[in-house]
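> Sharing a structure below in structure tokens format, with a few things to ask.
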Amino acid sequence: MKKKIRWGILALLSLVPMFPSTIHAANNSSVTFTANVNGYGQIYQMNDDGTNIHAVRSNTFNEEEATVSPDKSMIAFVSNMDGDNDIYVMDADGSNLKKVTDNNVPDFAPAWSPDGKKIAFLTTTDGYNTTKLWITDIDGSNPINATPKWSTVSSGDRPIRLYDIAFSPDGLKLAITTGYNVDLAIVNIDGTGYVNFSDELIGQWHHVHKPQWSKDGSKILFSYETSEADVPGQEGDVMIATVKPDGTGYQEIYRTQKLEIGPAFYSPDENQIIFTQTVPGENYETDWNYTRQIFKMNADGTNLQQLTNPPTNVLWVDDWK
């Protein structure tokens, strides 16, 4: 599901409330995800075996794209509680809410710096056709425009499109998804040194989801879809793979045929991977009826397990810490 239409998907899906309304503190190792609850994106967590599903916050507006700080004490996320999408932070138990961005344009895709002192995020003014990358202190002060240089990203008059970002472990580089085909690329945190290697790795038509660096910075984990997976009712290949930051060493971990696959995340010890993919419903052949569910597997692609089941409707996994 392309980031540019994530905000509209909640209006397309219906869901009977199926999660408890109580608020719980984050677990020592929790999977954080966005669920569709009564048409609203809501931040949830669960144990890594699929138990103890609970809301971090419960509201009647969209709260999505939660990312846990490196020390697990805070969560950054996107909310439209004030009418447009802004970045917020809160304590891991959902308390002590603070606003990071406050403007009249949509902000999205927050990402913590490795030291937990800064947050990178994206902003747009024209429906995701043109986006800018900013890095700011967690209180919203000292913003730095780190948008990749125009000459290296755009083609002709095509505007810059950015969808997701992830800091390298040393904090010096960002893995980003960008461009019309949602490519995987690397850029320095000041916007220089842009390198796009998706076309050479996985072909011209693809859609790469939010990347994640390994702890030692030696590889980048990502999921992606072929173009066929964007056609309503038509399944295409969906994959999870890793690649070195220089674009070499591509290794496919998982491949199947589904309508969609979501972002993939390592477990804290990097021995497992968690992600979402579509599960057909009863009337799938005629009505294109499906839900998104959470799956877990070993880091080598073996021992695939489904952790959630209908009527749970997960939109995407956001983090695993």
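Just so you know, we're using full-length UniProt numbering here: the sequence shown kicks off at 1 and counts up by one. Even for Gly, the Cβ is constructed at its ideal location relative to N, Cα and C.
Quick check for students: name the residue ranges of the beta strand (DSSP E) that lie wholly in the region 58 to 115, counting only runs of 3 or more.
Runs found: 63 to 68, 74 to 79, 86 to 91, 107 to 112.
> I'd like the list of long-range same chain contacts for T276, defined as Cβ closer than 6 Å, with 5 residues on each side in sequence excluded.
So the list reads G262, R292, I294, V314, W316, V317, once near-sequence residues are dropped.
> Apart from the five residues just before and just after S30, which ones in its own chain have a Cβ nearer than 6 Å to its Cβ?
Only Q45 meet the Cβ criterion.
> Thinking F167 and A109 are a contact (beta carbons under 8 Å), I'd like their distance in whole angstroms, please.
No, F167 and A109 are not in contact; Cβ-Cβ is about 12 Å, not under 8 Å.
> So the candidates are D82, G94, L97, F121; which of them puts its Cα closest to the Cα of N104?
The candidate whose alpha carbon is nearest that of N104 is D82.
> Between I220 and T242, is the Cβ-Cβ spacing less than 8 Å?
Contact flag set, yes.
> For S168, which three-state DSSP category applies?
In this structure, S168 counts as coil in the three-state DSSP scheme.
> Taking its Cβ as the centre, do 16 or more other Cβ atoms sit within 10 Å of S69, making it buried, or is it exposed?
The residue is buried, with at least 16 neighbouring Cβ atoms inside 10 Å.
> Beta carbon of Y290, beta carbon of P280: below 8 Å?
For Y290 and P280, yes; Cβs fall inside 8 Å.
> What are the residues that DSSP puts in a beta bridge with F275?
Answer by DSSP bridge pairing, in chain order: F295.
> What separation, rounded to the nearest whole angstrom, lies between the Cα atoms of D139 and K244?
Going by the C-alpha atoms only, they are around 33 Å apart.
> Shortest alpha-carbon distance to P216 belongs to which of P169, N145, G94, T178?
With the sequence shown as reference, residue 216 is identified as Asp, and Pro is not the correct amino acid for it. Ranking the options by Cα distance to D216, first place goes to P169.
> Which of the three DSSP states is assigned to S198 in this structure?
In this structure, S198 counts as helix in the three-state DSSP scheme.
> Starting from E252, follow the beta strand (DSSP E) in both directions and report where the run begins and ends.
It spans 251 to 258 - the beta strand (DSSP E) in which E252 sits, taken as one unbroken run.
> Skipping 5 residues on each side, what residues in its chain have a beta carbon closer than 6 Å to that of S151?
Confidence in S151 is poor, its pLDDT being 40 and thus under 50, which makes the residue's placement unreliable; the coordinate value appears in the next sentence. No residues qualify anywhere along the chain.
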